[in-house]
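Quick notes on the structure that follows.
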Amino acid sequence: MKDLTKGKPKKLLLEFALPVFLANICQLFYSLVDSRIVGQTLGDNSLAAIYATNSVSSLIVGFLLGLASGFAILVARYFGANDEKELRRSTAGAILLGVITALILTILSVTFLRPLLHVLNTPDTVMGEAYDYIRIILLGMVITMAYNVLAGILRAIGDTMAPLFFLIISTILNIFLDYFFIINLNMGVKGAAQATIICQAVSVILCIVYIWRKYPMLHLKREDFRMDLNLVEKLYSTGISMGFMLSIVYLGTLALQGAINTFSDETIVAHGAARKITEIFMLSFSVFGTTMATYASQNYGAGEIKRIKEGVRTVTIYTWIWSLGAMIASYTIAPQLVRLVTATENQEIIQTATLYLRIDTLFYFVPALITIIRNTMQGIGDHTTPIYSSLIELIGKVLIAFLLAPKIKYMGIILAEPIVWILMVIPLIVKYLSNPVMKSEKLLQYGK
Numbered sequence: 029m030k031d032l033t034k035g036k037p038k039k040l041l042l043e044f045a046l047p048v049f050l051a052n053i054c055q056l057f058y059s060l061v062d063s064r065i066v067g068q069t070l071g072d073n074s075l076a077a078i079y080a081t082n083s084v085s086s087l088i089v090g091f092l093l094g095l096a097s098g099f100a101i102l103v104a105r106y107f108g109a110n111d112e113k114e115l116r117r118s119t120a121g122a123i124l125l126g127v128i129t130a131l132i133l134t135i136l137s138v139t140f141l142r143p144l145l146h147v148l149n150t151p152d153t154v155m156g157e158a159y160d161y162i163r164i165i166l167l168g169m170v171i172t173m174a175y176n177v178l179a180g181i182l183r184a185i186g187d188t189m190a191p192l193f194f195l196i197i198s199t200i201l202n203i204f205l206d207y208f209f210i211i212n213l214n215m216g217v218k219g220a221a222q223a224t225i226i227c228q229a230v231s232v233i234l235c236i237v238y239i240w241r242k243y244p245m246l247h248l249k250r251e252d253f254r255m256d257l258n259l260v261e262k263l264y265s266t267g268i269s270m271g272f273m274l275s276i277v278y279l280g281t282l283a284l285q286g287a288i289n290t291f292s293d294e295t296i297v298a299h300g301a302a303r304k305i306t307e308i309f310m311l312s313f314s315v316f317g318t319t320m321a322t323y324a325s326q327n328y329g330a331g332e333i334k335r336i337k338e339g340v341r342t343v344t345i346y347t348w349i350w351s352l353g354a355m356i357a358s359y360t361i362a363p364q365l366v367r368l369v370t371a372t373e374n375q376e377i378i379q380t381a382t383l384y385l386r387i388d389t390l391f392y393f394v395p396a397l398i399t400i401i402r403n404t405m406q407g408i409g410d411h412t413t414p415i416y417s418s419l420i421e422l423i424g425k426v427l428i429a430f431l432l433a434p435k436i437k438y439m440g441i442i443l444a445e446p447i448v449w450i451l452m453v454i455p456l457i458v459k460y461l462s463n464p465v466m467k468s469e470k471l472l473q474y475g476k
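The opening position of the sequence shown corresponds to residue 29 in the working numbering, with each subsequent residue numbered one higher.
Structure follows, in structure tokens:
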């Protein structure tokens, strides 16, 4: 447990962010292990099937992840305000609303999965495996949501080490289960999907046991689960805002995926590989975004606005240094990274993915700032500005998918994100600087 309202921000932010960084590495490793083992054991066609569904899982699971992160913002705010009663009630509400929302989305997504895959122009050559893989992932969304809610609650009270340890355990387990299901049981891509869900279930169990033993303040009773409209509104206002922020971003990616799926299987694999590497290259953005959401929320709860501004300046410097490193890596070892992710020697795949990385990394300083500002705004209670920002991203990607991709093919996809990033960052900076909260130095404690 760590109180982020006291102490030097530079040290606190790094101490909080490092376990989050390592936890995100484990989550990426989950995905990379699946890709590597599938590519190595089942071939490029099966790998293309998984990559063809990336945007679907990113959209739906991404919304749930944003929802869980939004719930955690309210938990962090009450923790920063030292209000244990509301801390327990918001924790119980996050768990209850999270499970209900996940159940509803599971039913809807599985029901309309086949039409969605057809809308995305999923090639007939990979349709069967794509459907089998993503259906299992979607059926496990309640488990995915449960883990993200519990991990978010732990991070909200400053405990970033426990989620890291649990992910390390489940990641190691995932490697063994992947090989066992795919090779020993000959389950194909279904085995990779089932391994992922089982490992997430293990993480959920570990979180529950740990919270019960470590944090008496989070021992929930029946009365804590009695929801009133005020609490539901508070939770959903932050949760849905964060969820929409992420899902709107993924809707744009979904539009691009529809265009990508009209290209060759080699291009689909290349783009999927490039996106996997991009997730690693952009890791510090999401890490410090998560850090700033919690840090800003705790300090907003305590009324410490000056500390929030100092935090924004600090993590901007951190992420810009990281961006420079990512750019250097893309111009030195990108082909080797593509081979590592895909287990392929197909030169078309390697060259296409490398081109994507070398162009987009030149602009990484912009999305770093976008992520920091959007999450900070969520932390201080501005739930509309991040959504407007995401809408700009959505509209930009949709237009590019329809206008650029048909004319200049995959180069249009490569240029999509840099163009959109530049369009997004200027209004975000203006809204951040003009926000009444950020113009002040100190506020009354939240709820007082």
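Ideal Cβ placement from N, Cα and C applies to all residues, glycine included.
Just so it is clear, the structure is predicted and the values come from calculations on it, not from any experiment.
Is residue 98 helix, strand or coil when you go by DSSP?
Here the question's residue 98 lines up with position 70 in the sequence shown. Three-state result, residue 98: helix.
Determine the DSSP secondary structure at residue 347, reduced to helix, strand or coil.
Here residue 347 is taken as the residue at index 319 of the sequence shown, counted from 1. It is helical.
Which of helix, strand or coil does DSSP assign to residue 252?
For the purposes of this step, residue 252 is taken as residue 224 along the sequence shown, with counting starting at 1. Helix at residue 252.
Exposure of residue 152, with buried meaning 16 or more beta-carbon neighbours within 10 Å
Translated into the one-based positions of the sequence shown, residue 152 becomes position 124. That one is exposed.
Use the C-beta contact count for residue 475: other C-beta atoms within 10 angstroms, 16 or more gives buried, fewer gives exposed.
Stepping through the sequence shown from its first residue, residue 475 is reached at position 447. Confidence is the limiting factor: at residue 475 the pLDDT is only 48, short of 50, which leaves the residue's position unreliable, though a coordinate-based value still follows. By the 10 Å Cβ count, residue 475 comes out exposed.
DSSP state of residue 410 mapped onto helix, strand, coil:
Residue mapping note: residue 410 aligns to position 382 of the sequence shown, counting from 1. Reduced to three states, the DSSP call for residue 410 is coil.
Comparing alpha-carbon positions, which option in 400, 66 and 88 lies nearest residue 340?
Numbered from its first residue, the sequence shown carries residue 340 at position 312. Comparing alpha carbon positions, the residue from 400, 66 and 88 closest to residue 340 is 400.
Please determine, among 435, 227 and 116, the residue with the shortest C-alpha to C-alpha distance to residue 209.
By one-based count along the sequence shown, residue 209 stands at place 181. Ranking the options by Cα distance to residue 209, first place goes to 227.
In the structure shown, what three-state DSSP assignment does residue 215 receive?
Translated into positions along the sequence shown, residue 215 becomes position 187. Residue 215 falls in the coil class under three-state DSSP.
Separation of residue 108 from residue 241, as counted between CA atoms:
Looking up residue 241 in the sequence shown gives position 213. Looking up residue 108 in the sequence shown gives position 80. About 22 Å.
Starting from residue 455 and walking both ways along the alpha helix (DSSP H), at which residues does that stretch end?
Your numbering for residue 455 matches position 427 in the sequence shown. Here the alpha helix (DSSP H) through residue 455 covers 438 to 462.
Looking only at C-alpha atoms, which of 464, 361, 415 and 317 sits nearest to residue 45?
Here residue 45 refers to the residue found at position 17 of the sequence shown. It is 317.
Contact check, residue 119 vs residue 248, beta carbons under 8 Å
Numbered from its first residue, the sequence shown carries residue 119 at position 91. Numbered from its first residue, the sequence shown carries residue 248 at position 220. Against a cut-off of 8 Å, the Cβ pair of residue 248 and residue 119 comes out as a contact.
Return helix, strand or coil for residue 111, following the three-state DSSP convention.
Here residue 111 refers to the residue found at position 83 when the sequence shown is read from its first residue. In the three-state reduction of the DSSP assignment, residue 111 falls in the coil class.
Around the C-beta of residue 359, are 16 or more other C-beta atoms found within 10 angstroms, so that it is buried, or is it exposed?
One-based indexing of the sequence shown puts residue 359 at position 331. It counts as exposed.
Classify residue 373 as buried or exposed, calling it buried when 16 or more other Cβ atoms lie within 10 Å of its own Cβ.
Sequence index remark: in the sequence shown, residue 373 carries index 345 (1-based). By the neighbour-count rule (16 or more Cβ atoms within 10 Å), residue 373 is not buried but exposed.
Burial state of residue 458, where buried means 16 or more other Cβ atoms lie within 10 Å:
One-based indexing of the sequence shown puts residue 458 at position 430. By the Cβ neighbour-count rule, residue 458 is exposed, with fewer than 16 other Cβ atoms within 10 Å of its own.
DSSP-derived helix/strand/coil call for residue 36:
Here residue 36 refers to the residue found at position 8 when the sequence shown is read from its first residue. Reduced to three states, the DSSP call for residue 36 is coil.
Going by other Cβ atoms of all chains shown within 10 Å of its Cβ, with 16 needed for buried, is residue 146 buried or exposed?
Here residue 146 refers to the residue found at position 118 of the sequence shown. Classification of residue 146: exposed, given that the 10 Å Cβ count is below 16.
Alpha-carbon to alpha-carbon, residue 191 and residue 28
An answer regarding residue 28 cannot be provided, because it is not within the stretch 29 to 476 covered by the chain.
In whole angstroms, give me the CA-to-CA distance for residue 407 and residue 173.
By one-based count along the sequence shown, residue 407 stands at place 379. By one-based count along the sequence shown, residue 173 stands at place 145. The alpha-carbon atoms of residue 407 and residue 173 are separated by roughly 21 Å.
Please return the same chain residues whose Cβ sits closer than 8 Å to the Cβ of residue 142, not counting the five positions on each side in sequence.
Position 114 of the sequence shown, counted from the first residue, corresponds to residue 142. Only 159 meet the Cβ criterion.
Exposed or buried, which one is residue 36 when buried takes at least 16 other CB atoms within 10 Å?
Start at 1 with the first residue of the sequence shown, and residue 36 comes out as number 8. Result: exposed.
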